[in-house]
Amino acid sequence: FGDLFVSNAILYSSPPSERGTFGVLIELNDADADGNAVDERIELAGTLKIADISLHAGYVSAPDHDGLFGVALSRNLGPLTVAGVFQQFDHGATDEQLLSLAVDADAGQDRTARLAVTRRQDDPDNDELYLIAGVDQRLSPHLLGFVELYSRAGDRPGTDESALVSGFRFDF
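Structure follows, in structure tokens:
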């Protein structure tokens, strides 16, 4: 099963409240992408809510890296939801940073339009810019159809790409 299989884990999720939630996951036996054993992984995450504003933060620690930290701020403005995200991942010799801004808009009749822009820097010589624009259509309580345009432009030769993606998602 590789990195999809976790044989021993402990999970705590705080009871939901109007002010937010908190959770801890400790994986005691996992595998990396190559199938090698990883002895432990700890994930912490929480959300603090004040009216229509939410502050989200998370941290992941595993033996193969020094940690992934992320913080996001989102605000629900009725038909619009705006979110800003910062993530930093320590690879050892270099740090990877992501800075994103996303807007979801209620387009009526179970439809949502989305636009997201992300800047990724994984070393001083490489910046990448990602753009995702799309529409989701709720077809039934469990079925969602989507169309998205994805584009990436980077400083390194051969890293530019774009794609038009469509599909369905079934929610159990």
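The sequence shown lines up with residues 9 to 180 when you count with our numbering.
Just so you know, even glycine gets a beta-carbon here, dropped at the ideal spot from N, CA and C.
The structure displayed is predicted, hence computed values, not measured ones.
Thinking residue 82 and residue 91 are a contact (beta carbons under 8 Å), I'd like their distance in whole angstroms, please. Against the sequence shown, residue 82 aligns to sequence position 74. Against the sequence shown, residue 91 aligns to sequence position 83. Yes, they are in contact, since the Cβ atoms of residue 82 and residue 91 sit about 4 Å apart, within 8 Å.
Quick one: is residue 49 buried, meaning 16 or more other Cβ sit within 10 Å of its Cβ, or exposed? Looking up residue 49 in the sequence shown gives position 41. Label assigned to residue 49: buried.
Are the beta-carbon atoms belonging to residue 135 and residue 104 less than 8 Å from one another? As a position in the sequence shown, residue 135 is number 127, starting the count at 1. As a position in the sequence shown, residue 104 is number 96, starting the count at 1. Taking 8 Å as the cut-off, the beta carbon of residue 135 is found no closer than this to the beta carbon of residue 104.
Can you give, in chain order, each stretch of the beta strand (DSSP E) that sits fully within the region 128 to 172 and has at least 3 residues? Runs found: 134 to 148 and 151 to 162.
By alpha-carbon positions, which one of 123, 88 and 137 ends up nearest to residue 110? Here residue 110 is taken as the residue at index 102 of the sequence shown, counted from 1. The shortest Cα separation from residue 110 among 123, 88 and 137 belongs to 123.
Can you tell which of 25, 151 and 33 has the C-alpha that lies nearest to the C-alpha of residue 175? As a working mapping, residue 175 is identified with position 167 in the sequence shown. Each of 25, 151 and 33 was checked against the Cα of residue 175, and the nearest Cα belongs to 151.
Tell whether a beta-carbon distance below 8 Å holds between residue 63 and residue 97. For the purposes of this step, residue 63 is identified with residue 55 of the sequence shown, where counting begins at 1. For the purposes of this step, residue 97 is identified with residue 89 of the sequence shown, where counting begins at 1. The Cβ-Cβ distance between residue 63 and residue 97 does not fall below 8 Å.
Residues bridged to residue 104 by DSSP? Your numbering for residue 104 matches position 96 in the sequence shown. Paired residue(s): 97.
Minimum Cβ-Cβ distance from residue 26 to chain B less than 8 Å: Absent here is chain B; the protein component of the structure consists of one chain.
Could you check what DSSP says for residue 86 in three-state terms: helix, strand or coil? Taking the first residue of the sequence shown as 1, we reach residue 86 at position 78. Annotated three-state conformation of residue 86 is coil, per DSSP.
If you follow the beta strand (DSSP E) that residue 53 is part of, which residue opens it and which one closes it? To locate residue 53, count along the sequence shown from 1; it is residue 45. Counting along the chain, the beta strand (DSSP E) containing residue 53 begins and ends at 49 to 58.
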